[in-house]
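Under the numbering used here, the residues of the sequence shown are numbered 99 to 278, in order. Down below is the structure, laid out as structure tokens.
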Amino acid sequence: QLGINRVYQNVSEKVMRDDEIVYLIQKLNSNGIEMIPLMGDKSWVEDGLDEYKGIIDEIAAYNESSDEDVRIEAVALDVEVHQLPDFKSHKKKLFKKYIEVMREAKIYASEHDLKVIQVIPTFYDDISDKLFETFINDCCDEISIMNYTKSAQESAISTEVEYCLKNNIPVESVFETMRD
99 QLGINRVYQN VSEKVMRDDE IVYLIQKLNS NGIEMIPLMG DKSWVEDGLD EYKGIIDEIA
159 AYNESSDEDV RIEAVALDVE VHQLPDFKSH KKKLFKKYIE VMREAKIYAS EHDLKVIQVI
219 PTFYDDISDK LFETFINDCC DEISIMNYTK SAQESAISTE VEYCLKNNIP VESVFETMRD
């Protein structure tokens, strides 16, 4: 009734091995709703992608054992590099490292026939136009912008949308609906 066609579900290696996730995926799919596994940890930027790769391997195993109509086609990465303690004083350096790691994450997902949706805040484009465009081109198949700037929701994402349109990257905006 609400027109929902996509649900993001936080997952781990353990969750992907649970029969309950299979039920959830099948139930959502039977109602025309795609389930996107959501994962991410700022520590990946500095510690590597072992956890991520384990989850991707579990998703690939799930897909191999599932009927085509209930396979997972994409994953969402919400890594939040901006939550690292040194981010404010080393934005460009950490954003470059984030791009390197997210490029590797996209390659690994692609090798397992999965698309990557990057979940980002509205200000990554403010760090560097060039780096942001590199991120758009190299690290995702789609972006989801956490657009929580109530006073300027449209202007807060205009640059991101422009880059996505220029580079044929689908973009969605997630709005805050709660009162201040």
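In this text, a Cβ means the ideal position worked out from N, Cα and C, and glycines have one as well.
In the three-state reduction of the DSSP assignment, R104 falls in the strand class, which pools E and B.
Considered as a whole, the region 184–268 harbours 213–219 and 240–245 as its complete beta strand (DSSP E) runs of no fewer than 3 residues, in chain order.
When DSSP states are grouped into helix, strand and coil, I123 belongs to the helix group. Residue pairing from DSSP places V272 in a beta bridge opposite M244.
In the DSSP assignment, I134 falls within the beta strand (DSSP E) that extends over E132 to M137. As a beta-bridge residue in DSSP terms, L175 pairs with M137 and Q216. Only residues of its own chain outside the window of five on either side were considered, and among them A174, D176 and S242 have a CB closer than 6 angstroms to the CB of V217, listed in chain order.
A check of alpha carbon separations from V143 across K195, H180 and Q107 identifies K195 as the nearest. In the DSSP annotation of this structure, the continuous segment of the alpha helix (DSSP H) that includes E111 starts and ends at E111 to M114. By alpha-carbon distance to D236, the top candidate from I205, F193, V105 and S164 is I205.
Comparing alpha-carbon positions, the option among K186, L263, K189 and H210 lying closest to N161 turns out to be H210. Here the C-alpha atom of K151 lies approximately 30 angstroms from the C-alpha atom of K264.
When Cβ pairs closer than 8 angstroms are counted between the two stretches, the region 221–236 is seen to touch the region 187–203, the count reaching three or more.
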